Amino acid sequence: MVIVIVVLTIFILVAGGIVVGVILYNRKPADDGDTAAGGAVAPAANASVVGGTAVSASVVGGAGSGGDTGSGSSGDDSGTGADSSDTGGGGSGSTQHIGVSPSVKLCTSSGTVNISDTIVVESGQTYDGKCQTIVPASSMGDGSQTEDQKPYFKLYPGGTIKNVILSSNGLDGIWFVSDTASKDDVWTLENVTWLDIGEDACSFRENAKDGTLNLIGCSMTKANDKSIQAGNSFGGTINLVDTRMFDNYQTFRVGVEPQTYKATNCELKGTNLIYGGAYQGPCNGVATFEFTNCKLGGGIHKLCDPATQVKYTNCEGP
């Protein structure tokens, strides 16, 4: 009898140990490198599965949502795997800024420069006004709508005027001139401020019939008539970037030649945004306008067709 009891006790202890061992074995977690059932590699605890490949759960740049990684959308298990340095491709990009960039600053006057005649900037030269205000002699003009006033500057192709404030006299602004009338002519204005436009802010004269004008970070205000006067002879391109034009009767005065106007990140508001009357030449079918990320205001002349001549991309107004 004693032998039977001893045998049963040994059997119970051995069986219990086997059961406990099986339970503990099944509760053991898989390491990052352990192989799961079917031979697949088990993903780490901080990973998601994209396209059957273990990847980091974080998404650089926040382009995806809901733990996306790589190019798949939220919750999508298809696509190509990526490591933790990859940027997700799901989600939309940032909204483009409308109007002049906040980083663009106009000049604050650092002093005055008195002139008695027009300043000539030759090809290849740069006139840096160092943010001084240019004040003309009364003999150069009074800034009214009287013709034949002198300009502050004559600018030749390949020349640049920058960091300048033009006084409230206005005169006849800046003239763009050329000896060649070439489509390769380029005039550049950077950070030029008109405090009060006179006859015109700027115009094309003396054989300046083609080419490109670049206005970058400029400001034109208070034109009783025209600000940019392309006239009937100029047939080139006018580019405006980060430029402000306010309180002007005619922001753009279109002539009879094919002209292209492109404005990016600008604020352009006046009585007439685009003007081209019968006297100056109807702009219908002649000029084209492209406004991108701009704040706009003002009318478009009845002889201009906005549907065929004007393109707006991410703009406010007119």
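For the sequence shown, our numbering begins at 1 and goes up steadily by one.
Cβ coordinates follow ideal geometry from the N, Cα and C atoms, glycine included.
Since this is a predicted model, take the numbers as computed values, not measurements.
Self-check item: DSSP state of proline 136 mapped onto helix, strand, coil
Solution: Position 136 of the sequence shown, counting from 1, holds the residue named residue 136. Proline 136 sits in a strand when the DSSP states are folded into three classes.
Practice problem: With distances taken Cα to Cα, identify the nearest neighbour of glycine 170 among Asp196, Gln132, Val241 and Thr237. | Solution: The sequence position of residue 170 within the sequence shown is 170, counting from 1. Comparing Cα-Cα distances from glycine 170 to each of Asp196, Gln132, Val241 and Thr237, the minimum goes to Asp196.
Quiz item: Who does serine 219 pair with in a DSSP beta bridge?
Solution: Counting from one through the sequence shown, the residue named residue 219 turns up at place 219. Answer is Thr193 and Arg244, bridged to serine 219.
Exercise. Would you mind sorting alanine 201 into buried or exposed? The rule is 16 or more other CB atoms within 10 Å of its CB.
Key: In the sequence shown, counting from the first residue as 1, residue 201 sits at position 201. Counting the other CB atoms within 10 Å of its CB gives alanine 201 a total of 16 or more, which places it among the buried residues.
Self-check item: Integer-rounded CB distance, given that tyrosine 156 should sit under 8 Å from valine 177
Solution: Counted from its first residue, the sequence shown places residue 177 at position 177. Counted from its first residue, the sequence shown places residue 156 at position 156. Right, their Cβ atoms sit about 6 Å apart.
Quiz item: Considering only the beta carbon of each residue, do aspartate 247 and lysine 226 sit closer than 9 Å?
Solution: One-based indexing of the sequence shown puts residue 247 at position 247. One-based indexing of the sequence shown puts residue 226 at position 226. Not in contact: aspartate 247 and lysine 226 (Cβ atoms no closer than 9 Å).
Quiz item: In three-state terms, what does DSSP make of glutamine 96?
Solution: Locating residue 96 in the sequence shown gives position 96, where the first residue counts as 1. Here glutamine 96 sits in coil by DSSP.
Quiz item: With 16 other CB atoms within 10 Å as the buried threshold, where does threonine 308 fall?
Solution: The residue given as residue 308 occupies position 308 in the sequence shown. Burial call: exposed.
Quiz item: Since lysine 226 sits in a beta bridge, which residues does DSSP pair it with?
Solution: Reading the sequence shown from its first residue, position 226 is the one you call residue 226. The partner list for lysine 226 (beta bridge, DSSP) reads Gln250.
Exercise. For alanine 307, name the three-state secondary structure that DSSP assigns.
Key: To locate residue 307, count along the sequence shown from 1; it is residue 307. Here alanine 307 sits in helix by DSSP.
Quiz item: Measuring CB to CB, does threonine 243 end up less than 9 Å from alanine 263?
Solution: Against the sequence shown, residue 243 aligns to sequence position 243. Against the sequence shown, residue 263 aligns to sequence position 263. The answer is yes: Cβ separation under 9 Å.
Exercise. Would you kindly report the start and end of the unbroken beta strand (DSSP E) that includes leucine 166?
Key: Translated into positions along the sequence shown, residue 166 becomes position 166. It spans 160-166 - the beta strand (DSSP E) in which leucine 166 sits, taken as one unbroken run.
Practice problem: Taking all protein chains shown into account, decide if leucine 268 is buried (16 or more other Cβ within 10 angstroms of its Cβ) or exposed. | Solution: Residue 268 sits at position 268 when you count from the first residue of the sequence shown. A residue is called buried once 16 or more other Cβ atoms fall within 10 Å of its Cβ, and leucine 268 is buried on that count.
Quiz prompt | Distance between beta carbons of threonine 251 and leucine 273, contact taken as under 8 Å | solution = Translated into positions along the sequence shown, residue 273 becomes position 273. Translated into positions along the sequence shown, residue 251 becomes position 251. Going by Cβ atoms, the distance from leucine 273 to threonine 251 rounds to 5 Å, so yes, they are a contact pair.
Quiz item: Which residues mark the beginning and the end of the beta strand (DSSP E) in which asparagine 114 is found?
Solution: Position 114 of the sequence shown holds residue 114. Asparagine 114 -> beta strand (DSSP E) spans 112-115.
Practice problem: Please name the residue or residues paired with alanine 201 in a DSSP beta bridge. | Solution: Translated into the one-based positions of the sequence shown, residue 201 becomes position 201. DSSP lists no partner for alanine 201.
Practice problem: Measure the C-alpha to C-alpha separation of threonine 180 and threonine 188 and round it to an integer number of angstroms. | Solution: Start at 1 with the first residue of the sequence shown, and residue 180 comes out as number 180. Start at 1 with the first residue of the sequence shown, and residue 188 comes out as number 188. The straight-line gap from Cα to Cα measures roughly 17 Å.
Quiz item: Looking at lysine 154 and threonine 126, is the spacing between their C-beta atoms short of 9 Å?
Solution: The residue you call residue 126 lines up with position 126 of the sequence shown. The residue you call residue 154 lines up with position 154 of the sequence shown. No, these two residues do not count as a Cβ contact at 9 Å.
Quiz item: Around the Cβ of threonine 112, are there at least 16 other Cβ atoms within 10 angstroms (buried) or fewer (exposed)?
Solution: By 1-based counting over the sequence shown, the position of residue 112 is 112. Classification for threonine 112: exposed.
Practice problem: Have a look at proline 102 and glycine 270 and give me their C-alpha separation to the nearest angstrom. | Solution: Position 102 of the sequence shown holds residue 102. Position 270 of the sequence shown holds residue 270. CA-CA distance, proline 102 to glycine 270, rounds to 22 Å.
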